[in-house]
Amino acid sequence: MMYVAIEIGPNGGMRTHPQTSEYRTVEIGEFNTKADAVRNACHQLNCRQIFRGVIRCLKGNGGYMVLNTQDYAQV
Numbered sequence: 133m134m135y136v137a138i139e140i141g142p143n144g145g146m147r148t149h150p151q152t153s154e155y156r157t158v159e160i161g162e163f164n165t166k167a168d169a170v171r172n173a174c175h176q177l178n179c180r181q182i183f184r185g186v187i188r189c190l191k192g193n194g195g196y197m198v199l200n201t202q203d204y205a206q207v
């Protein structure tokens with residue numbers, strides 16, 4: 133299944149592009165499990181998991197929420 137990470141701001145809200153109002157996302161890739169996707173996202177984005185697919189940046193504020201594409205379509 134394909135996974136993406138939605139950028140989360142310091143206040144916990146999902147960040148959007150100023151011109152398109154779409155959520156800022158990073159494509160993580162195709163993985164068999166969410167745990168594999170989260171591990172890979174942590175490596176790609178230099179983050180650490182803090183709770184069930186929510187990862188925090190090691191430097192600065194904010195982080196990402198890792199979702200599969202089906203869940204992302206519902207957001």
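Our numbering applies: residue 133 is where the sequence shown begins, and numbers increase by one.
A virtual CB, placed ideally from N, CA and C, is assigned to each residue, including glycine.
In the structure shown, the three-state DSSP call for T157 is strand.
For A137, same chain residues with a beta-carbon under 6 Å away, outside a window of 5 residues either side, are V158, I160, A173, Y196, V198 in chain order.
For V170, there is no enclosing beta strand (DSSP E); the enclosing alpha helix (DSSP H) has its first and last residue at 166-177. With contacts defined as CB atoms closer than 7 Å, E139 and R147 qualify as a contacting pair.
For the set Y204, P150, M134, G141, the Cα lying nearest the Cα of F163 is the one of M134.
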